[in-house]
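Below is one structure, written out as structure tokens; comments come after it.
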Amino acid sequence: MRSLFDPPEPRRVLPGEYPVWEAALALLNRDLAVTLPGQEPLRLLAVPPCDEDTDEAGTESVHVALANGEWHGNSLYPNAADDPDRALAAVADAAQETVTERLWQAWPLCAEHDLGMHPREADGQLVWWCAGAPARREPAHVRAAVGALDTLVRPHRPNRKKRRAS
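Numbering follows our numbering, in which position 43 of the sequence shown is assigned residue number 137; successive positions increment by one, without gaps.
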């Protein structure tokens with residue numbers, strides 16, 4: 095039995111428990127592997143309710159966590175597990191918040207502008223959106239669909255200095 099001030103012990107979500115969230119997380123892990131190659135894949139953690147006397151089924155909360163079990167932010171909304179599009183949006187928000195807050199860095203970054211991007215719906219799909227560089231009059235743009243950052247090639251920068259061969 096836990097004391098009043100002991101937080102509940104989280105558990106790793108088993109494969110197949112939340113298949114829609116797992117599919118969404120697989121896409122986010124593709125983007126994570128491309129943008130932060132040294133980072134281990136994100137995972138889902140389930141946290142039991144704080145009140146052990148609750149008899150309601152499914153009252154645990156599910157979070158997107160780093161491989162070491164740390165997470166940040168709100169849990170995934172249970173009704174988001176019913177629809178793949180809503181699940182992807184919810185998991186993308188949770189993944190971004192966990193990575194940003196636990197690793198103390200913006201994620202993912204736009205390779206063109208070196209700015210943090212945000213998930214946003216465009217043309218019926220969830221995409222990584224960059225605000226552009228207003229100071230240089232570069233407009234906001236869609237970088238890639240969520241889960242597709244691995245399909246991009248770094249942009250050509252014509253004004254970038256070339257390296258000298260040694």
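Note that CB positions come from ideal geometry on N, CA and C, so glycine has one too.
Since the structure is predicted, the reported quantities are computational estimates derived from the model, not experimental observations.
Coil, strand or helix - Ala229 by DSSP
helix
Is the beta carbon of Trp115 closer than 8 Å to that of Val185?
yes
Neighbour-count burial assignment, Pro213, 16 or more Cβ in a 10 Å radius
buried
Ala186: first and last residue of the uninterrupted alpha helix (DSSP H) it sits in
Pro178 to Leu197
Using 8 Å as the threshold, is the segment 165-174 in touch with the segment 200-215, meaning 3 or more CB pairs across them?
no
With Val107 as the anchor, note down where its beta strand (DSSP E) starts and where it stops.
Element bounds for Val107: n/a, residue is neither H nor E.
Burial state of Pro202, where buried means 16 or more other Cβ atoms lie within 10 Å:
buried
Taking just the CA atoms, how far does Thr129 sit from Pro178?
24 Å
Do you know whose CA, among Glu232, Pro233, Gly226 and Val240, lies nearest Asp217's CA?
Val240
Give the secondary structure of Trp201 by DSSP, where H, G and I count as helix, E and B as strand, and everything else as coil.
coil
Pro213: first and last residue of the uninterrupted beta strand (DSSP E) it sits in
His212 to Ala216
Please report how far the alpha carbon of Glu111 lies from the alpha carbon of Ala127, in whole angstroms.
24 Å
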